[in-house]
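These notes concern the structure reproduced below.
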Amino acid sequence: MIVGVPREMKDNEARVGVVPAGVKMLADAAHTVLVEAGAGAQSGFPDSQYRDAGAEIVSDAAQVWNRAEMVVKVKEPIEAEYGFLREGLVLFTYLHLAPLPVLTCRMLESKVIGIAYETVRDRRGMLPLLMPMSEVAGRMSVQVGASYLERERGGRGILLGGVPGVAPARVVILGGGIVGTNAARIALGLGATVTLIDIDMNRLRELDDHFGGRLNTLASNSYNIAHAVGESDLVIGGVLIPGATAPRLVTRAMVASMKPGSVIVDVAIDQGGCVETAHPTSHSNPSYVVDGVVHYCVTNMPGAVPHTSTLALTNSTFPYVLRIANQGVREALRHDAGFAEGLNTWLGTLTYRGVAESQRHPWTAAADVLA
Ligand SMILES: NC(=O)c1ccc[n+]([C@@H]2O[C@H](COP(=O)([O-])OP(=O)(O)OC[C@H]3O[C@@H](n4cnc5c(N)ncnc54)[C@H](O)[C@@H]3O)[C@@H](O)[C@H]2O)c1
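Position one of the sequence shown corresponds to residue 6 (the working numbering), numbered consecutively onward.
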């Protein structure tokens, strides 16, 4: 198969869909890999590494898209890329089609085969291609929070781990899923006093067991949240109700009760945020202050660490890339029902219920189009 890896065109997107290690595995299996010049540069993978691994470096995006049978990307195509969509082309990337009716329409009209990272499921029913980015954002949230607690960045001037004779910072984490667990691991590792709040008691039991009692756990209710937030130096928001906007667990009054120079990192901002005073920010202007409290609400936190994020993402996506290349797209999807859940568009037919319902569009189940 001819596999194409274009340079991401979306603003501020520095990740790349395949790393040189993946190119080597594809080349070893006798596939051809076309990589657009500079595609991996911002993630720390120069063209020379791709060439050494067996890729053909091509100078422009049009060549990659037009010659490839499968294009592997990171973000959904932007308008400048719509013209490259064509019948039978396999596009494997994050698509997030539900709020994008124009792109959905273009994908259906062009009869592209669109497989979305975010809807692929593994055998346990988890979303394995979303998880790595939550791991990155969860771990990064503590790093970012610690940095904003420094005086120069508007914080209280507190060292997260304290020193002998001086108490460490108090960190409160809302949500004990992938983001929350990874945040807890890093915050505890740095020596902070950490309280994690979740609504799922079984999850709190697991975390209590996992962290051997070093983590304080609290049941999620407005009373507990108000008390914990009021005493905290750093609040990290990582709650998720799948498919819904995040619940606003931290009210404006709770924010006002925090000490001046405290910090809120609302990771859940991509789902609307779990803090009333949170609004989306970007890497170029990541923070703002409300009632003396520093807010960091960047919607694509992994974008700040593209080298790690690209490797984390491709560790999870690449096995699927190889399966499509080796088996062909229809067989690869037919052999794995969870992978088939990633199929969003098939040769002009919408195949994902969530997208169909949000756009009131007719759809056919993936299993039926693949039969
Ligand atoms: N900003 C970014 O760059 C970025 C990156 C990755 C993920 N995210 C977002 O972070 C959020 C969390 O992702 P995740 O992968 O950890 O999700 P997850 O499903 O693994 O965990 C969510 C947790 O929230 C808990 N929860 C739900 N309602 C609650 C409530 N009322 N009180 C307390 N806890 C509650 C759930 O029980 C679950 O444990 C998502 O919105 C995700 O999109 C953002």
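Where a beta carbon is used, it is the ideal one built from N, C-alpha and C, also for glycine.
Just so it is clear, the structure is predicted and the values come from calculations on it, not from any experiment.
Item	Value
When E74, A35 and V79 are compared against G45, the one with the closest alpha-carbon	V79
For N207 and E140, the rounded distance between their alpha carbons	21 Å
Validate contact between the segment 259-273 and the segment 298-310 using beta carbons, cut 8 Å, 3 pairs	yes
Cβ-Cβ distance between L338 and L348 below 8 Å	yes
Among N221, D65 and P25, nearest to D57 - alpha-carbon criterion	P25
heavy atom of ligand 1 below 7 Å from I241 C-beta	no
Sufficient close CB pairs (3 or more, under 8 Å) joining the segment 280-299 to the segment 148-164	yes
Cα-Cα separation between R111 and K264, rounded to whole angstroms	50 Å
Nearest neighbour of T322, chosen from V21, A142, N71 and V244 [CA to CA]	V21
W351 (DSSP reduced to helix, strand or coil)	strand
Coil, strand or helix - Y357 by DSSP	coil
Own chain residues within Cβ distance below 6 Å of S314, not counting five before or after	R20, V141 and P307
Cβ-based neighbour list, A103, same chain, cut-off 8 Å, excluding 5 preceding and 5 following	G359, V360, S363 and Q364
Continuous alpha helix (DSSP H) assignments of at least 4 residues falling wholly in the segment 145-225	183-194 and 206-215
Q332 versus S146 - alpha carbon distance	39 Å
Paired residues, beta bridge with M381 - DSSP	The question about residue 381 has no answer here: the residues shown for the chain are numbered 6 through 376.
CB of G162 within 8 Å of CB of G196, strictly	no
Beta-carbon proximity check, M49 vs H312, cutoff 8 Å	Reading off the sequence, residue 49 comes out as Gly, not Met. Yes, these two residues count as a Cβ contact at 8 Å.
Terminal residues of the alpha helix (DSSP H) in which A32 lies	P25 to D33
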